[in-house]
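Q: Here it is: the structure, laid out below.
Residue numbers (my numbering): 59 to 596.
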């Protein structure tokens, strides 16, 4: 297939918006769809191809929208369906695709489906959730543990049974083995496709189907000092990641394919996600792409880690197309995990250069274009149930969800005139969008240049990848496509490093760089802390 016939999503740069924290239009301290509409011009100015919107559906918000009470509704906190339609229209007018979350593994306990299911064992939706009788001693059906802490089972007095929940007790797991449940989920997908969405991110999709025999999970053997929650103490063979999931994804893909030019990406969580990612994206009948937490939960970044992750996707026939993210709403921001405070501006720029050079789709999380570090949130301000339960063993997710800083001189960085649902970090206010817009050396303007260059360079967007160097702190690879070759070199450390001799060539000319002092467009002899480059090889 020639380059101009590749699907729009292949090699795309996708910008994630967390609606609660992007922009508040009505002064209640929480971001909303109208705020997103007002911010679309900024997103379009980055040159990205698409936006992924985290949930805005009707929800009690116990897990901030991932506990869905109505798959086809907009929560009043965020606005109305009419607001969503206007958002789609404006985004499409700006050349932006819109991807939304679909949460197929569980609902809220406030969903009408669950209310009907818990009424009794004989109703129309009695088997729409995972119910099981207690053990003879009254204990739960097995030893499964929930992600957010405690057993995966909650007793329900009406049915005299336990229901399963992989996350909060208020997030009962759907019985996605049930064909009627699958049909209902596909109908919900069609509702949004009919409204013009361009694709879906399938949240925690490897949790969607459980072991029918409800067998006990074996222990993980993880040392206690490495455990942050009981969930970590099990090898999750049976509560998730079942072999029937790909067949359901084929039904999802078939529904998407009934609409032109749609995109699908799976989120896959677990200690060994790549086999599942490949199974979920295999061939032409399953999802288009998948991403995992290889980088999102990594405490350090190294050439060896990047190479190990990327080389798991060789591009062989029938293999899916990977997606990559360094930060998102579920993980502490990468620049705070990987760089010391004095080097964070340099590291933020280099990480943009690195992410946008990887083979696959690049997911940018809101604020990454500003180089935002992890937001500081005191215990008294925490909202994330995981952070509260596991304090202080984990950082939780709130520090990555703090409000987007729009304006330096306005209260709450221009996010809201009211007290925000999470506090604005003073370090973020200093990096506000309006302070960076006119600075040629800002992370914001670097993002714009790099996204544009990636879009215009087929080797970066679509090409194969060959690793050339991964020793100590220096990573180097080449991207190549239809005769075009780009050399990519990065120093992933706080210290200066030499340019490896085998990479120096008279035929390479810089097309992009950060933290490098070079004469004209020749390759430098040394790489400063967090320095990197793209060079075109003729």
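Here a beta-carbon is modelled for each residue, glycine too, at the ideal position from N, C-alpha and C.
What did DSSP end up calling residue 510 once you bin it into helix, strand or coil?
A: For the purposes of this step, residue 510 is taken as residue 452 along the chain shown, with counting starting at 1. Note: residue 510 maps to helix in three-state DSSP.
Q: Do the stretch 148 to 161 and the stretch 96 to 113 make contact, defined as three or more Cβ pairs closer than 8 angstroms?
A: With the cut-off at 8 angstroms, the stretch 148 to 161 and the stretch 96 to 113 touch.
Q: If residue 336 and residue 377 are in contact, beta carbons under 8 angstroms, what's the gap, nearest whole angstrom?
A: For the purposes of this step, residue 336 is taken as residue 278 along the chain shown, with counting starting at 1. For the purposes of this step, residue 377 is taken as residue 319 along the chain shown, with counting starting at 1. Confirmed, Cβ separation roughly 6 angstroms.
Q: Keeping to the same chain, check which residues put their C-beta closer than 7 angstroms to that of residue 96; ignore five residues upstream and five downstream.
A: Translated into positions along the chain shown, residue 96 becomes position 38. Contacts found: 81, 83.
Q: By DSSP, does residue 321 sit in helix, in strand, or in coil?
A: Taking the chain shown and counting its residues from 1, one reaches residue 321 at position 263. Strand, per DSSP.
Q: Just curious, the beta strand (DSSP E) that residue 155 is in, first and last residue?
A: The residue given as residue 155 occupies position 97 in the chain shown. From DSSP, the beta strand (DSSP E) with residue 155 extends over 155 to 160.
Q: Looking at the unbroken beta strand (DSSP E) that takes in residue 407, where does it start and where does it end?
A: In the chain shown, the residue the question calls residue 407 occupies position 349. Unbroken run through residue 407 is the alpha helix (DSSP H), 402 to 413; no beta strand (DSSP E).
Q: Going by CA-CA distance only, name the one from 284, 317, 267, 311 that's closest to residue 294.
A: Start at 1 with the first residue of the chain shown, and residue 294 comes out as number 236. Per the Cα distances, 267.
Q: Please report the distance separating the alpha-carbon of residue 564 from that of residue 400.
A: For the purposes of this step, residue 564 is taken as the residue at position 506 of the chain shown. For the purposes of this step, residue 400 is taken as the residue at position 342 of the chain shown. So the alpha carbons of these two residues sit roughly 34 angstroms apart.
Q: Could you round the C-beta distance between residue 11 and residue 527 to whole angstroms and report it? I think they count as a contact, below 8 angstroms.
A: Residue 11 lies beyond the range of the chain shown here (59 to 596); nothing can be said about it.
Q: For a quick check, are the C-beta atoms of residue 288 and residue 207 less than 8 angstroms apart?
A: On the chain shown, position 230 is the one that residue 288 refers to. On the chain shown, position 149 is the one that residue 207 refers to. Yes, Cβ-Cβ distance for residue 288 and residue 207 is below 8 angstroms.
Q: Quick check on residue 594: does DSSP put it in helix, strand or coil?
A: The count along the chain shown starts at 1 and reaches residue 594 at position 536. Residue 594 falls in the strand class under three-state DSSP.
Q: With the cut-off set at 8 angstroms, would you say residue 581 and residue 589 are in Cβ contact?
A: Counting from one through the chain shown, the residue named residue 581 turns up at place 523. Counting from one through the chain shown, the residue named residue 589 turns up at place 531. For residue 581 and residue 589, no; Cβs fall outside 8 angstroms.
Q: For residue 587, which three-state DSSP category applies?
A: On the chain shown, position 529 is the one that residue 587 refers to. Coil at residue 587, not helix or strand.
Q: Taking residue 233 and residue 269 to be in contact with their CB atoms under 8 angstroms, please state how far apart those CB atoms are, rounded to whole angstroms.
A: Against the chain shown, residue 233 aligns to sequence position 175. Against the chain shown, residue 269 aligns to sequence position 211. Contact flag wrong, Cβ pair sits at about 12 angstroms.
Q: My assumption, with CB atoms under 8 angstroms, is that residue 79 sits in contact with residue 459. Please give the rounded CB distance.
A: What you label residue 79 is simply residue 21 of the chain shown in a count that begins at 1. What you label residue 459 is simply residue 401 of the chain shown in a count that begins at 1. The pair is a contact, with the Cβ atoms about 5 angstroms apart (cut-off 8 angstroms).
Q: How about residue 423 and residue 74: do their beta carbons lie closer than 8 angstroms?
A: As a position in the chain shown, residue 423 is number 365, starting the count at 1. As a position in the chain shown, residue 74 is number 16, starting the count at 1. Taking 8 angstroms as the Cβ cut-off, residue 423 and residue 74 qualify as a contacting pair.
Q: Could you tell me whether the stretch 88 to 95 touches the stretch 194 to 210, using the rule of 3 or more Cβ pairs below 8 angstroms?
A: The stretch 88 to 95, when compared against the stretch 194 to 210, does not touch it at the 8 angstroms Cβ threshold.
Q: Could you spell out where the beta strand (DSSP E) holding residue 523 opens and where it closes?
A: Start at 1 with the first residue of the chain shown, and residue 523 comes out as number 465. Here the beta strand (DSSP E) through residue 523 covers 522 to 527.
Q: Taking 8 angstroms as the cut-off, decide whether the C-beta atoms of residue 273 and residue 200 are in contact.
A: In the chain shown, residue 273 corresponds to position 215, counting from 1. In the chain shown, residue 200 corresponds to position 142, counting from 1. Cβ atoms of residue 273 and residue 200: closer than 8 angstroms.
Q: Which term fits residue 285, buried or exposed, when burial requires 16 or more other beta carbons within 10 angstroms of its beta carbon?
A: Taking the chain shown and counting its residues from 1, one reaches residue 285 at position 227. By the 10 Å Cβ count, residue 285 comes out exposed.
Q: Would a C-beta distance cut-off of 8 angstroms place residue 299 and residue 291 closer than the cut-off?
A: Stepping through the chain shown from its first residue, residue 299 is reached at position 241. Stepping through the chain shown from its first residue, residue 291 is reached at position 233. No, these two residues do not count as a Cβ contact at 8 angstroms.
Q: Check whether the Cβ atoms of residue 322 and residue 346 lie closer than 8 angstroms to each other.
A: Taking the chain shown and counting its residues from 1, the one referred to as residue 322 is at position 264. Taking the chain shown and counting its residues from 1, the one referred to as residue 346 is at position 288. Against a cut-off of 8 angstroms, the Cβ pair of residue 346 and residue 322 comes out as a contact.
Q: Could you tell me the alpha carbon to alpha carbon distance between residue 405 and residue 466, rounded to whole angstroms?
A: Stepping through the chain shown from its first residue, residue 405 is reached at position 347. Stepping through the chain shown from its first residue, residue 466 is reached at position 408. Rounded to whole angstroms, residue 405 to residue 466 spans 22 angstroms at the Cα level.
Q: Flag this pair as yes or no: are the beta carbons of residue 246 and residue 129 separated by less than 8 angstroms?
A: Your numbering for residue 246 matches position 188 in the chain shown. Your numbering for residue 129 matches position 71 in the chain shown. For residue 246 and residue 129, yes; Cβs fall inside 8 angstroms.
Q: Have a look at residue 513 and residue 415 and give me their C-alpha separation to the nearest angstrom.
A: For this step, residue 513 is matched to residue 455 along the chain shown. For this step, residue 415 is matched to residue 357 along the chain shown. Looking at the two C-alpha atoms, the distance is approximately 11 angstroms.
Q: Are the CB atoms of residue 211 and residue 222 within a distance shorter than 8 angstroms?
A: Taking the first residue of the chain shown as 1, we reach residue 222 at position 164. Taking the first residue of the chain shown as 1, we reach residue 211 at position 153. Yes. Within cutoff.
Q: Pair every Cβ in the stretch 473 to 487 with every Cβ in the stretch 427 to 441, then say whether three or more of these pairs are closer than 8 angstroms.
A: Yes: at least three Cβ pairs fall under 8 angstroms.
Q: With 16 other CB atoms within 10 Å as the buried threshold, where does residue 371 fall?
A: Here residue 371 corresponds to residue number 313 of the chain shown, with the count starting at 1. Burial call: buried.
Q: Assign residue 503 to one of three DSSP states: helix, strand, or coil.
A: Translated into positions along the chain shown, residue 503 becomes position 445. In this structure, residue 503 counts as helix in the three-state DSSP scheme.
Q: Are residue 542 and residue 517 touching if we call contact CB-CB under 8 angstroms?
A: Here residue 542 refers to the residue found at position 484 of the chain shown. Here residue 517 refers to the residue found at position 459 of the chain shown. It is a contact, given that the beta carbons lie within the stated cut-off.
Q: Tell me which same chain residues have a C-beta within less than 8 angstroms of the C-beta of residue 86, skipping the five on either side of it?
A: Position 28 of the chain shown, counting from 1, holds the residue named residue 86. The answer, listed in chain order, is 135, 474, 476.
Q: Between which two residues does the alpha helix (DSSP H) carrying residue 150 extend?
A: Residue numbering aside, residue 150 sits at position 92 when the chain shown is read from its first letter. First-last of the alpha helix (DSSP H) with residue 150: 139 to 151.
Q: Express the C-alpha separation of residue 382 and residue 413 in angstroms, rounding to a whole number.
A: Looking up residue 413 in the chain shown gives position 355. Looking up residue 382 in the chain shown gives position 324. So the alpha carbons of these two residues sit roughly 7 angstroms apart.
Q: Please work out which residues of its chain come closer than 6 angstroms, Cβ to Cβ, to residue 530, disregarding the five sequence neighbours upstream and downstream, and give them in chain order.
A: Along the chain shown, one-based indexing puts residue 530 at 472. Nothing listed; no residue qualifies.
Q: Determine whether the beta carbon atoms of residue 235 and residue 302 lie at a separation below 8 angstroms.
A: Walking along the chain shown from the start, residue 235 turns up at place 177. Walking along the chain shown from the start, residue 302 turns up at place 244. Taking 8 angstroms as the Cβ cut-off, residue 235 and residue 302 qualify as a contacting pair.
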